[in-house]
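97 is the number that the numbering used here gives to position 110 of the sequence shown; each next residue is one higher, with no gaps.
For reference, the structure discussed in these notes is given below.
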Amino acid sequence: MAATYTFDVFSTLDGYGRPSSLDWGGYWGKQGPELLDRRLSLYEAEQRMIFGANTYRTFAQVLTPAFEESGRDPWVTRMMNLPATVVSTTLDGPLDWPDATVASGDAIDVVARIKKESEVPLRSHGSMSLNRALMAAGLVDRVQVTLFPVITGQTGDHPIFQGAADFDLELLDSRTLDGNIQELIYRPTLHA
């Protein structure tokens, strides 16, 4: 049986993965205790993280030990301590990340193999281009979108689904966090 693969992403209402401006702050300034508790609960279970090279580079640069001392959220620390695979044709190991390895080769082949072999669920936070390709190949079982109540038409960066294939989405779960953040979990199916 193949492991379940979840593409976990933060989004604005207009579909951006992050602001290009620091004016917004982390979580677009909308986080509260329910969001942070929910994020930690999602990462408490054993699972393997899957990252693309660009997301790994960004996380490795931003989530340094100095950042932890200044207030890294507990769920991020937990994510960093889960086993991780970085799918890349440009990186070599060892990586400056606890329990992370590089898997070189075609991302679809690499993730298909990991799904077959893994005894724990797989989760990817971010890695937009990697996950768009995996969705088109039918390897993503869940798309978990945490929707923040902002529109970043002028400052949005990293459009999440730009260039993606067309998908039908079956809503599996939804919840409201801190009164205004939506968490939506879908099963994607390539639209025929």
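Just so it is clear, CB atoms sit at the ideal spot from N, CA and C, and this is done for glycine as well.
None of the values given here were measured: they were computed from a predicted structure.
Query	Result
Roughly how many whole angstroms lie between the Cα atoms of Tyr173 and Gln131?	6 Å
Pull up the DSSP beta-bridge partners for Met36, would you.	Ala71 and Arg110
Among Asn167, Pro136, Arg162 and Gly166, which has the Cα closest to the Cα of Tyr3?	Pro136
Leaving aside the five residues before and after Ala99 along the sequence, list all residues of the same chain whose C-beta is less than 8 Å from its C-beta, in chain order.	Ala124 and Leu126
Should Arg129 and Phe148 be called a contact, given that it needs their Cβ atoms to be closer than 8 Å?	no
Opposite Ile172 in the DSSP bridges: which residues?	Gln131 and Asp160
Measure the C-alpha to C-alpha separation of Arg59 and Leu50 and round it to an integer number of angstroms.	8 Å
Just reading off the beta strand (DSSP E) that Arg5 is part of, what are its end residues?	Tyr3 to Pro6
Going by the CB atoms, is the gap between Pro108 and Ala(-11) shorter than 8 Å?	no
If you run the structure through DSSP and keep just helix, strand and coil, what is Pro20?	helix
Looking at the unbroken alpha helix (DSSP H) that takes in Ala179, where does it start and where does it end?	Neither: Ala179 is in no alpha helix (DSSP H) and is coded neither H nor E.
Could you spell out the range, first to last residue, of the beta strand (DSSP E) harbouring Asp(-5)?	Tyr(-8) to Thr(-1)
Considering Val89, what are the terminal residues of the alpha helix (DSSP H) in which it resides?	Taken as a continuous stretch (DSSP letters only), Val89 belongs to no alpha helix (DSSP H), being part of the beta strand (DSSP E) at Ala87 to Ala90.
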